């Protein structure tokens, strides 16, 4: 799997490169600004781009804009955005940026390289990787909602992991339950929230996020 | 008390030289007074001529009829002509004299007087436009009032010269020339006259600086702009808001320092110690070392989370990235309440204003969710006529009183540092509408580089 990295801090760029290489991923290019990112994704056609939110020259939301521009340039390009903080506003913009895998994670998540690489692979495969903090805030925002209140504690846990973009197998592994149990919970959740059930992991995520974001 | 203290105000100096200088300056002021009165007399004369003409026409008798009519119209005509010529000349002349007086009281009496005139309208002025500009300026009335009052006030400035002259001429003069008759009173021997003359003269010389200062003070009471009280008020207000802004800033810095010290810093210390311990046992007990390393990793996650929370409290990244409207939109997305936002900002206010406005809205929204039991909140951000206006309205139960809560007062104080104001309408039963206004300019929108 070939990866392009856009990160302006050398230490992090280098660290990410090493870590991904250690997990058997191939680094097609590692750049430090948005313009070079655009050039790299068009030239190298990577499987996924990992982009830091803050890039030169303005060090604001350059990365988000570069990611959106990259997806316009290469439709369906899977992009994983890393940030020191997460905003639902940016999560929505990324989710709304067309098809293809999308990820939005706190930089802290790289501390757990196993989970992080898992997220990278998920995004590269066209899936979603939303940071648990985004999901936690979405859930907190919706606690007053009647339908959400009707969920059991376990169902809420499953919902949160589902919203992060995890497959049933991953959820089962995480919660140490069987996949069948997860499937039962998801069916119940979709029934209670009045959502269209879907076997496609990604469509399922989007439905859940749309529900929480509405 | 906030008072506009004059930078030039000097201590009074007494003595023969200072007294003589002051007396001479008094004479100069008297000359200015005479010039002012002369200007006023032109107006008086014009009015007098017109009145005279009218009187001749109406009640005049004696002499041939034609002569009377001619004389009457001549008088009225010259009066009108004088007005036509004298009015602007008088107004401008008194203005010039008043300006000179203001400068001289500052330089000579140690009483500087602030000056403010309405600026002239742009372009070439017609006679009536010029007259209207001069006549409608309150400063013109002040100058005319001064020119008239000066007739009496000037006695203060001219008195020393009068006293000195009396002493020298009336009392000492007869000693030297026969042309001046000695004053007639019992015991007027030449010696007593000289002693008295010297005494009177020295009184004049000694009193001159104080009288000149008094003259300056009276002049200021008449010539100083009415806005002085307003200015003093403004200075007091600025002093207060500045103090509060500095206090708030200092308190904020202390809070940040404490949070860093107790939070991230402490965690980093703990991490260092944990890693050190892991390093010591890594050969003898790899499993325990591994557990310690994982512990250190968790501590770093917590430290990062704390730093994030701290940064959000100082300056939320989304505010820095996207500006006020998007920052509040992000806030609305996180809030459990229903918040709708309308914004017409097509630029960004200066960063300090933006930050103050953002935290003000944060606080108001927090108030709404804590107290109002509202189903919906509307935030409205506009910028018109150099004024940033933010309205936060909810359909809760109302009854919010700025006097009771410290929150609203805090917002008011923070906005006051930018000359901003807060108005609240919250009748019992609702709705509550809070409007904030901060004067500021918008910078042009940031241009995208990619």
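Residue numbers (our numbering), protein chains in the order written: chain A, 10 to 223; chain B, 44 to 493.
Where is the CB? At the ideal position from N, CA and C, for every residue including glycine.
If you're wondering where the values come from, they're calculated on a predicted model, not measured in any experiment.
Does residue i get closer than 7 Å to chain B when you measure Cβ to Cβ?
| i | result |
| --- | --- |
| residue 94 (chain A) | yes |
| residue 150 (chain A) | yes |
| residue 18 (chain A) | no |
| residue 160 (chain A) | no |
| residue 165 (chain A) | no |
| residue 120 (chain A) | yes |
| residue 124 (chain A) | no |
| residue 146 (chain A) | yes |
| residue 98 (chain A) | yes |
| residue 195 (chain A) | no |
| residue 69 (chain A) | yes |
| residue 117 (chain A) | yes |
Distance check for residue j and residue i, CA to CA, integer angstroms please.
| i | j | result |
| --- | --- | --- |
| residue 132 (chain A) | residue 87 (chain A) | 6 Å |
| residue 464 (chain B) | residue 420 (chain B) | 21 Å |
| residue 436 (chain B) | residue 102 (chain A) | 27 Å |
| residue 110 (chain B) | residue 99 (chain B) | 10 Å |
| residue 195 (chain A) | residue 129 (chain A) | 24 Å |
| residue 313 (chain B) | residue 206 (chain A) | 47 Å |
| residue 359 (chain B) | residue 370 (chain B) | 8 Å |
| residue 144 (chain A) | residue 285 (chain B) | 42 Å |
| residue 252 (chain B) | residue 59 (chain B) | 10 Å |
| residue 22 (chain A) | residue 125 (chain A) | 15 Å |
| residue 450 (chain B) | residue 406 (chain B) | 7 Å |
| residue 211 (chain B) | residue 142 (chain B) | 34 Å |
| residue 216 (chain A) | residue 81 (chain A) | 23 Å |
| residue 194 (chain B) | residue 263 (chain B) | 15 Å |
| residue 121 (chain B) | residue 93 (chain B) | 8 Å |
| residue 219 (chain A) | residue 100 (chain A) | 12 Å |
| residue 119 (chain A) | residue 193 (chain A) | 32 Å |
| residue 241 (chain B) | residue 231 (chain B) | 14 Å |
| residue 426 (chain B) | residue 457 (chain B) | 19 Å |
| residue 78 (chain B) | residue 213 (chain B) | 28 Å |
| residue 154 (chain B) | residue 440 (chain B) | 58 Å |
Quick one, which of the options has its alpha-carbon nearest residue i's?
| i | options | result |
| --- | --- | --- |
| residue 55 (chain B) | B:257, B:240 and B:333 | B:257 |
| residue 116 (chain A) | B:328, B:362, B:345 and B:468 | B:345 |
| residue 385 (chain B) | B:469, B:372, B:483 and B:377 | B:372 |
| residue 168 (chain A) | A:187, A:178, A:148 and A:32 | A:148 |
| residue 146 (chain B) | B:403, B:127, B:134 and B:75 | B:75 |
| residue 65 (chain B) | B:486, B:84, B:123 and B:152 | B:152 |
| residue 302 (chain B) | B:355, B:441 and B:144 | B:355 |
| residue 383 (chain B) | B:112, B:431, B:196 and B:374 | B:374 |
| residue 267 (chain B) | B:416, B:181 and B:84 | B:181 |
| residue 366 (chain B) | B:392, B:378 and B:333 | B:392 |
Measure from the C-beta of residue i to each C-beta in chain A and report whether the shortest distance is under 7 Å.
| i | result |
| --- | --- |
| residue 393 (chain B) | no |
| residue 487 (chain B) | no |
| residue 373 (chain B) | yes |
| residue 145 (chain B) | no |
| residue 412 (chain B) | no |
| residue 351 (chain B) | yes |
| residue 364 (chain B) | yes |
| residue 379 (chain B) | yes |
Check whether the Cβ atoms of residue i and residue j lie closer than 7 Å to each other.
| i | j | result |
| --- | --- | --- |
| residue 76 (chain A) | residue 60 (chain A) | yes |
| residue 169 (chain B) | residue 82 (chain B) | no |
| residue 202 (chain B) | residue 254 (chain B) | yes |
| residue 95 (chain A) | residue 55 (chain A) | no |
| residue 265 (chain B) | residue 192 (chain B) | yes |
| residue 204 (chain B) | residue 69 (chain B) | yes |
| residue 540 (chain B) | residue 400 (chain B) | Since the first residue shown for chain B is 44 and the last is 493, residue 540 (chain B) is missing from the structure and cannot be characterised. |
| residue 158 (chain A) | residue 201 (chain A) | no |
| residue 206 (chain B) | residue 247 (chain B) | yes |
| residue 438 (chain B) | residue 471 (chain B) | no |
| residue 79 (chain A) | residue 50 (chain A) | yes |
| residue 412 (chain B) | residue 380 (chain B) | yes |
| residue 376 (chain B) | residue 97 (chain A) | yes |
Grab the span of the alpha helix (DSSP H) containing residue i for me, first residue to last.
| i | result |
| --- | --- |
| residue 323 (chain B) | 309-324 |
| residue 398 (chain B) | 394-410 |
| residue 76 (chain B) | 59-102 |
| residue 173 (chain A) | 162-173 |
| residue 179 (chain B) | 170-179 |
Please report the residue range of the beta strand (DSSP E) in which residue i lies.
| i | result |
| --- | --- |
| residue 427 (chain B) | 420-427 |
| residue 330 (chain B) | Looking at the DSSP string, residue 330 (chain B) is not in any beta strand (DSSP E); the run it does join, the alpha helix (DSSP H), is 329-357. |
| residue 61 (chain A) | 57-61 |
| residue 430 (chain B) | 430-437 |
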